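Heads up: the protein sequence lines correspond to chains A and B, in order.
Residues 6 to 223 in the working numbering are what the first sequence spells out, letter by letter.
Residues 467 to 707 in the working numbering are what the second sequence spells out, letter by letter.
Every residue, glycine too, gets a C-beta built ideally from N, C-alpha and C.
Every value quoted in this text rests on a predicted model; they were computed, and no experiment measured them.
Right, one structure below, let's go through it.
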Amino acid sequence: MKALLIRDLRLATRAGGGFGLALAFFLIVCTLVPFGVGPEGGTLSRIAPGILWVGALLSCLLSLDRIFALDFEDGSLDLLATAPLPLEGAVAIKALAHWLVTGLPLALSAPVFALLLHLPGPAYPWLVASLVLGTPALSMLGAFGAAVTVGLRRGGLLLSLLVLPLYMPTLIFGAEAVRRGAVGAEAGTPLVFLAGITLATLALSPFAAAAALRVNLR
Amino acid sequence: MSIWEYANPVKFMRTSGAVLPWVIAAAVLSTVTGLVWGFLTPEDYKQGSTVKIVFLHVPAALMAINIWLMMLVTSLIWLIRRHHVSALAAKAAAPVGAVMTLIALITGAVWGQPMWGTWWEWDPRLTSFLILLLFYLGYMALWEAVENPDSAADLTGVLCLVGSVFALLSRYAVNFWNQGLHQGASLSLAPGERMAAVYRYPLYLSMAGFFLLFLALLLIRTRTEIRRRRLAALLARENRA
Chain A
6 MKALLIRDLR
16 LATRAGGGFG
26 LALAFFLIVC
36 TLVPFGVGPE
46 GGTLSRIAPG
56 ILWVGALLSC
66 LLSLDRIFAL
76 DFEDGSLDLL
86 ATAPLPLEGA
96 VAIKALAHWL
106 VTGLPLALSA
116 PVFALLLHLP
126 GPAYPWLVAS
136 LVLGTPALSM
146 LGAFGAAVTV
156 GLRRGGLLLS
166 LLVLPLYMPT
176 LIFGAEAVRR
186 GAVGAEAGTP
196 LVFLAGITLA
206 TLALSPFAAA
216 AALRVNLR
Chain B
467 MSIWEYANPV
477 KFMRTSGAVL
487 PWVIAAAVLS
497 TVTGLVWGFL
507 TPEDYKQGST
517 VKIVFLHVPA
527 ALMAINIWLM
537 MLVTSLIWLI
547 RRHHVSALAA
557 KAAAPVGAVM
567 TLIALITGAV
577 WGQPMWGTWW
587 EWDPRLTSFL
597 ILLLFYLGYM
607 ALWEAVENPD
617 SAADLTGVLC
627 LVGSVFALLS
637 RYAVNFWNQG
647 LHQGASLSLA
657 PGERMAAVYR
667 YPLYLSMAGF
677 FLLFLALLLI
687 RTRTEIRRRR
697 LAALLARENR
707 A
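This is the structure we're talking about:
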């Protein structure tokens, strides 16, 4: 399991792996929004929690089809499926690797981007906390979506349609936590819900994704 | 005599063919009667004539949810018992469900405009219906995208299971997110909250009508799917020969 994790991380961080793509995309979103809605600080700081979460979600979406597609093409996914490691475990590890290269950097660098959007000061800890708690769910659900669409031509487009409604609860609770943090309200409840969603996806999504992979590898 | 006999497509085709004309007749009769009766009801003291859209809106919304539930059950049956007719019935139900969701959304918008002064409101019920529509679209798109029919049935089955969990979760998440404008349930068992009988009985009838309509469409579409599957099998054999 550790070897698989290290391999995936290496593949993602070396040349052509697309590491940093999510961050760059996040930067693009945060740059485009002020041009779209106008640079007034008041407006920006009001919509910043939502924009930051939507941006994080979209940049996560961008790299989802990489989770299984390359391994499917060169056949190493078949090897993984026949390896002693259960496929569920392999799925969980690959989703974890995806989170380590997209979700975690996003969560840690989000305060910098939040600065661009004039996010109110008290919201910063909530922003980082909600992203750290919420993005694993995005990666796990994304792994399920990627597993469903791995064998398809034009899978990427379908992937976003399938995964987007699944992301809705995570987005709602994540943005809600930041919004409450921004106005100084009690933000613990949405964070607890967010953690609950993440734990539930951690528990269930590997099984669904592995079932979908087995169908696609048949 | 058990329901599993209908896993045999021949048996299913024979029975459904015999039942179908009756179902269609009952569906047309009850839907038309329900809607016309509903249209002729007196105007509501508060909402005026706009209340009449309820006879289209509520049954459509009811069916939109229940069709997804039916797809969940048929997908489970397919995944557990490899019951081919079941998978095809789920496939056949999805577009009907999507259209029902769309009817509920559109009539809701048409009703909401004079009542709330807005075509669309980010209200929990409305939003969760929009999410439901997205689920239907994704489900249908996945059926179209996968070539091997058995793989398609497997993948959409798994998607339906995961989607059901998240449809439910979204329902409560959006509740949390925004307290709504939408009125409570139109039908309730508590006597004080019920609609007046003038509205209730035509509503029951049109709900029954929409259910029968769905049943008729489901049978027709499932039969079409079975025939299409047979045609594909015949063509494959022709090509091999």
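Nearest to residue i (by Cα), restricted to the options the options
i, options, result
"Phe198(A)", "Thr688(B), Ala639(B), Leu538(B), Leu697(B)", "Ala639(B)"
"Leu176(A)", "Ile597(B), Ile692(B), Val551(B)", "Ile597(B)"
"Asp620(B)", "Ser541(B), Lys477(B), Ala611(B)", "Ser541(B)"
"Leu681(B)", "Val562(B), Phe601(B), Ile692(B)", "Val562(B)"
"Arg694(B)", "Trp582(B), Met479(B), Trp470(B), Tyr472(B)", "Met479(B)"
"Pro668(B)", "Ser594(B), Thr584(B), Phe505(B)", "Phe505(B)"
"Leu124(A)", "Leu57(A), Ser135(A), Leu105(A), Gly160(A)", "Leu57(A)"
"Val96(A)", "Leu85(A), Val106(A), Leu196(A)", "Leu85(A)"
"Ser68(A)", "Thr194(A), Ile52(A), Leu122(A), Gly25(A)", "Gly25(A)"
"Leu683(B)", "Tyr472(B), Val494(B), Ala473(B), Glu471(B)", "Val494(B)"
"Ala213(A)", "Tyr172(A), Pro89(A), Gly147(A)", "Gly147(A)"
"Ile543(B)", "Ser672(B), Tyr665(B), Trp470(B)", "Trp470(B)"
Buried/exposed call for residue i, threshold 16 Cβ in 10 Å
i, result
"Ser81(A)", "exposed"
"Arg703(B)", "exposed"
"Asn221(A)", "buried"
"Gly658(B)", "Residue placement at Gly658(B) cannot be trusted, given a pLDDT of 48 that sits under 50; what the coordinates show is reported in the next sentence. Answer is exposed; the Cβ neighbour count stays below 16."
"Gly108(A)", "buried"
"Arg547(B)", "exposed"
"Pro211(A)", "buried"
"Ile33(A)", "exposed"
"Leu655(B)", "Its pLDDT being 49, under 50, Leu655(B) is placed unreliably by the model, and the measurement read from it follows with that caveat. With fewer than 16 Cβ atoms within 10 Å of its Cβ, Leu655(B) is classed as exposed."
"Gly139(A)", "buried"
"Asp83(A)", "exposed"
"Phe40(A)", "exposed"
Residue-level contact to chain A via CB, residue i, 8 Å cutoff
i, result
"Phe632(B)", "yes"
"Ser636(B)", "yes"
"Leu624(B)", "In the sequence as displayed, the identity of residue 624(B) is Val instead of Leu. Chain A, which has a Cβ nearer than 8 Å to the Cβ of Val624(B), makes this yes."
"Ala484(B)", "no"
"Ala473(B)", "no"
Contacts of residue i in chain B (Cβ-Cβ under 8 Å)
i, result
"Ala8(A)", "Simply none; closest approach about 28 Å."
"Leu153(A)", "Looking at the sequence provided, one finds Val at residue 153(A) rather than Leu. Here the neighbours are Leu608, Leu621, Val624, Leu625."
C-beta neighbour in chain D for residue i, strict 8 Å
i, result
"Phe595(B)", "Among the protein chains in the structure shown, which are A and B, there is no chain D."
Residue-chain proximity (residue i, chain B), Cβ-Cβ < 8 Å
i, result
"Val59(A)", "no"
"Leu163(A)", "yes"
"Ala192(A)", "no"
"Leu3(A)", "In the structure as shown, chain A begins at 6 and stops at 223. Residue 3(A) is therefore absent and cannot be evaluated."
"Gly216(A)", "It is worth fixing the name first, because residue 216(A) is Ala in this sequence and not Gly. Yes, because at least one Cβ of chain B sits closer than 8 Å to the Cβ of Ala216(A)."
"Ile52(A)", "no"
"Ile72(A)", "no"
"Pro174(A)", "yes"
"Phe178(A)", "yes"
Inter-residue CB distance, residue i and residue j (contact presumed, cutoff 8 Å)
i, j, result
"Ala564(B)", "Met537(B)", "Going by Cβ atoms, the distance from Ala564(B) to Met537(B) rounds to 11 Å, so no, they are not a contact pair."
"Ala526(B)", "Thr573(B)", "7 Å"
"Pro615(B)", "Val551(B)", "With a Cβ gap of about 13 Å, Pro615(B) and Val551(B) do not count as contacting."
Within chain B, partners of residue i - CB distance below 9 Å
i, result
"Phe149(A)", "Val624, Leu625, Val628"
Interface partners of residue i on chain A, CB under 7 Å
i, result
"Leu600(B)", "Leu169, Pro170"
"Ala607(B)", "Leu163, Leu166"
Partners in chain A for residue i, counting only beta-carbon separations shorter than 8 Å
i, result
"Ala560(B)", "The contacting residues do not exist; Ala560(B) stays about 14 Å from chain A at best."
"Ser617(B)", "Gly156, Val220, Asn221, Arg223"
Residues that residue i contacts on chain B, provided the C-beta gap is smaller than 7 Å
i, result
"Ala17(A)", "What Ala17(A) touches in chain B: nothing, since even the nearest Cβ is about 25 Å away."
"Ala86(A)", "Per Cβ cutoff of 7 Å: no residues; Ala86(A) is ~15 Å from chain B at best."
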